[in-house]
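In the numbering used here, the protein residues as written are 273 to 543. The structure under discussion appears below in the form of structure tokens.
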């Protein structure tokens with residue numbers, strides 16, 4: 273782990289996750305807030321948000337940022353996705369921890385900026401996730417598990433280098449998967465499927481009611497997706513010793529830790 277920690281390419285990837293997460297949370301939650309500054313005669317102020325608009329904002333922002341920083345960090349932008357790659361033995365434990373910290377801090381920073389910009393919005397919850405009326409914690413947990421499972425499964429499948437049948441855009445496919453998850457879950461939980469995205473608003477508003485759902489659900493969904501894809505749908509032949517080596521030292525063949533040039537950056541398409 274120490275060798276990976278000392279490399280500039282590692283820190284470039286961590287910074288990429290941090291900056292991209294700021295942009296993702298700012299754009300997506302900013303769209304969900306839909307704040308209209310007072311305009312005389314404006315009859316649209318206070319109107320309920322369109323679930324389709326919000327879902328597409330989350331999806332397209334992920335697709336855009338995945339295209340922008342995927343070659344640097346892999347563009348996880350989600351602790352559940354990072355967990356999926358870790359269990360799939362495509363990144364080291366150190367990289368996974370660093371990514372999750374960067375994603376969480378980035379979400380806090382973005383939410384803090386949004387808090388300042390939308391400070392005059394009455395009842396502003398800054399996109400805080402919560403359970404809809406009539407939805408219990410078990411139902412909310414189930415929704416988050418399913419939504420995240422389909423997302424991480426899509427990420428692993430569309431970035432699998434062993435496939436030769438993919439001719440479209442992996443970032444776009446992943447973005448559409450994010451949008452699909454939101455169309456499913458918005459009316460139940462506000463849709464997290466991303467623990468860091470939920471963590472930012474919870475920290476800034478100091479409201480952690482039912483917050484565990486938005487970590488446990490996505491992590492279970494991400495873990496299930498990795499296990500299903502890696503051991504049932506598209507089994508990998510790596511020996512246990514090889515997997516442990518990746519967890520401790522990183523994917524040497526792909527990340528080329530001894531190189532510092534741009535061509536050695538982490539590709540979005542894991543091996």
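C-beta: ideal position from N, C-alpha, C; glycine also. All values reported here derive from a predicted model rather than from experimental measurement.
Around the beta carbon of residue 481, a 10 Å sphere encloses fewer than 16 other beta carbons of the protein chains shown; the residue is thus reported as exposed. Per DSSP, residue 325 is one residue of the alpha helix (DSSP H) stretching across 323-345. The C-beta of residue 408 has fewer than 16 other C-beta atoms within 10 Å across all chains shown, which makes the residue exposed.
Taking all protein chains in view, the Cβ of residue 466 is crowded by 16 or more other Cβ atoms within 10 Å, so the residue is classified as buried.
Assigned with DSSP and collapsed to three states, residue 362 falls in coil, not helix or strand. It is roughly 8 angstroms from the alpha-carbon of residue 469 to the alpha-carbon of residue 350. Residue burial annotation: residue 503 is exposed, with fewer than 16 other C-beta atoms found within 10 angstroms of its C-beta. Taking the Cα of residue 495 as reference, the smallest distance to any Cα among 518, 443, 418 and 410 is reached at 418.
Remark: C-beta atoms of residue 424 and residue 368 do not approach each other more closely than 8 angstroms.
The beta carbon of residue 338 lies closer than 8 angstroms to those of 347, 349, 442, 443, 446, 447 and 540 in the same chain, with the five residues before and after it left out. The DSSP-derived three-state label of residue 380 is helix.
By the 16-neighbour rule on beta-carbons within 10 angstroms, residue 450 is buried. Taking the Cα positions, residue 471 is about 16 angstroms away from residue 396. Going by DSSP, residue 519 is part of the alpha helix (DSSP H) stretching over 512-521. Excluding sequence positions up to five before and after residue 477, its CB lies within less than 7 angstroms of the CB of 397, 398 and 400, all in the same chain and listed in chain order. With respect to the C-alpha of residue 500, the residue from 291, 428, 282 and 278 having the closest C-alpha is 428. In this structure residue 345 touches residue 288 by the C-beta definition: roughly 4 angstroms separates them, less than 8 angstroms. Residue 502 carries a helical assignment under DSSP once its states are collapsed to helix, strand and coil.
The criterion of a C-beta distance shorter than 8 angstroms is not satisfied by residue 498 and residue 406. Residue environment analysis places residue 341 among the buried positions, since at least 16 neighbouring C-beta atoms fall within 10 angstroms of its C-beta. The beta carbons of residue 413 and residue 489 sit closer together than 8 angstroms. When the Cα atoms are used, residue 275 and residue 375 turn out to be separated by approximately 22 angstroms.
Taking residue 277 as the centre and dropping the five residues before and after it, the same chain places the C-beta of 366 closer than 8 angstroms to its C-beta, in chain order.
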